[in-house]
Amino acid sequence: MTSLSSACLPLLWAALLLALNCACLEDPGATEHHAAELTTSLLEFIVKTGGRENRILQTVCPALSDVHINRTALNHGFHRDVVTEVTLPVSMATPPMSCRLLLVETVPAGMYVDLHQVTFRTDFGGPQVLALSDIDVEQAAHQSSHHRLLLYSPLQQNPKGFTWRVTLPVHLRYHRWAGDQGEDTSATIRLEGPDVLMHCEGDRPVTTPCEESRLFPAPCDAESRGVCLWQLLNGKAEPLSFQVPIGQQSHAVFVITGTTAVAALGSLLILVAARKASKVAPRRKGAKDKRE
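Set out below in structure tokens:
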């Protein structure tokens, strides 16, 4: 009974946080729904991965001021790089207090992240990434749903403070073609700003009390099953928009005809090349026999 109770303590504490997140946020409505959805997805991931420690590592909460979050999108086409840079003042993360940042990225249905590609980049200094759910990279946009990612990366010090910079490769999904009367030639994918959370440890006196409504349970890092409390930072980045070309149903006859013609022409060229190769081979063999 004792072991069962100790194993359930983190989940009970996290459930209490969920209730507080729903009830105590100053901005109700969409913000309240987002906080509840975020907490629920984190709890489900913790339970699924067996992250049930005897206790949740607490966090100290320094004053959250002058937090700047910048987002940019690089490259063109269906394959992009989303760069997120978080800047903190020196006073928030200097010793003896040690702080880590966590980026929670909500990827919409119209795009996806290839975890194999992200893992490869981790070996070369990229962020460590955890997916809260399975990601199907083959599905079209209308057959997919959004997914959440946890990004871990160390802080880097610069003259202005501490900077946390991560680059996340994203891929746009193919979209369903427009109807007979469809006038849109492209679809807009909106990538909302990420949730940036911080976990701090140390002996520095806490300048502000921790607001329970801004604390979220999440894995301490991408490799362990430990659970930490993370404080949601105030800064919020502007959403990024991406344009994806979509097919027109009125072009179906032209596309089918063109595809069939190209496939037939390619097959014909392969047959001609194979026939020529089959004639050349016996000639070379005969010439070799005569020399012998």
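So for the sequence shown, this note's numbering puts the first residue at 3; every next one is plus one. Yeah, the Cβ is synthetic: ideal placement off N, Cα and C, and Gly gets one too. Owing to the predicted nature of the structure, the values given are computational and were not obtained by experimental measurement.
Item to complete: Could you pull out every unbroken beta strand (DSSP E) segment of at least 3 residues lying fully inside the segment 204-291, listed in chain order?
Response: 217-221, 229-234, 242-247
Worksheet item: Taking Cβ to Cβ, would you say P110 is nearer than 8 Å to L193?
Response: yes
Item to complete: Give me the Cα-Cα distance between W166 and G260, rounded to the nearest whole angstrom.
Response: 49 Å
Worksheet item: Residues in its own chain within less than 6 Å of H201 by CB, not counting five upstream and five downstream?
Response: T61, R102, C230, W232
Discussion item. Closest to Q250 by C-alpha separation, out of L234, P211, L273, Y176, would be which residue?
Written reply: Y176
Practice prompt. Let me know if T264 comes out buried or exposed under the rule of 16 or more other beta-carbons within 10 Å of its beta-carbon.
Written response: Contrary to the premise, residue 264 reads as Val rather than Thr in this sequence. Under this definition V264 is an exposed residue.
Worksheet entry | Proximity below 8 Å, CB of L45 to CB of P196 | no
Item to complete: Would you mind listing the beta strand (DSSP E) stretches within the segment 124-197 that are 3+ residues and don't spill past its ends, in chain order?
Response: 130-133, 149-155, 158-160, 163-174, 188-193
Item to complete: Go ahead and label E39 buried or exposed: buried means 16 or more other beta carbons lie within 10 angstroms of its beta carbon, across all protein chains shown.
Response: exposed
Practice prompt. Give a yes or no on whether the C-beta atoms belonging to V115 and L170 are separated by under 8 Å.
Written response: yes
Fill in: Neighbour-count burial assignment, A266, 16 or more Cβ in a 10 Å radius
exposed
Worksheet item: If you drop the 5 nearest sequence neighbours on each side, which residues of the same chain put their C-beta closer than 7 Å to that of V168?
Response: T86, L105, P129, L153, S155
Practice prompt. Would you mind giving the Cβ-Cβ distance between E107 and R150, rounded to the nearest angstrom? I have them listed as a contact below 8 Å.
Written response: 7 Å
Practice prompt. Evaluate N77 with the Cβ neighbour count: other Cβ atoms within 10 Å of its Cβ, from every protein chain shown; 16 or more gives buried, anything less gives exposed.
Written response: exposed
Fill in: Cβ pair T187, P91 closer than 8 Å
no
Practice prompt. Specify, as a first and last residue, the run of the beta strand (DSSP E) that L104 falls within.
Written response: 100-109
Worksheet item: Going by other Cβ atoms of all chains shown within 10 Å of its Cβ, with 16 needed for buried, is G268 buried or exposed?
Response: exposed
Worksheet item: Since V69 contacts L242 with CB under 8 Å, what's their CB separation in whole angstroms?
Response: Between L242 and V69 the Cβ distance is about 19 Å, and since that is not below 8 Å, they are no contact.
Worksheet item: Nearest-angstrom Cα distance between G296 and V120?
Response: Because the chain spans 3 through 294 in this model, residue 296 falls outside it and cannot be assessed.
Fill in: From L132, L117, S100, A279, residue whose alpha carbon lies closest to that of C63
S100
Worksheet item: Who does N72 pair with in a DSSP beta bridge?
Response: E87
Worksheet item: Whose C-beta lies closer than 7 Å to the C-beta of L22 among residues of the same chain, with five residues either side of it excluded?
Response: Caution is warranted here: a pLDDT of 43 is assigned to L22, below 50, making its placement in the model unreliable, and no coordinate value can be reported.
Item to complete: Below 8 Å on the Cβ atoms is my guess for V198 versus I71; work out the distance and round it to an integer in Å.
Response: 6 Å
Worksheet item: Who are L2's beta bridge partners in DSSP?
Response: A query on residue 2 cannot be resolved here, the shown segment of the chain reaching from 3 to 294 and no further.
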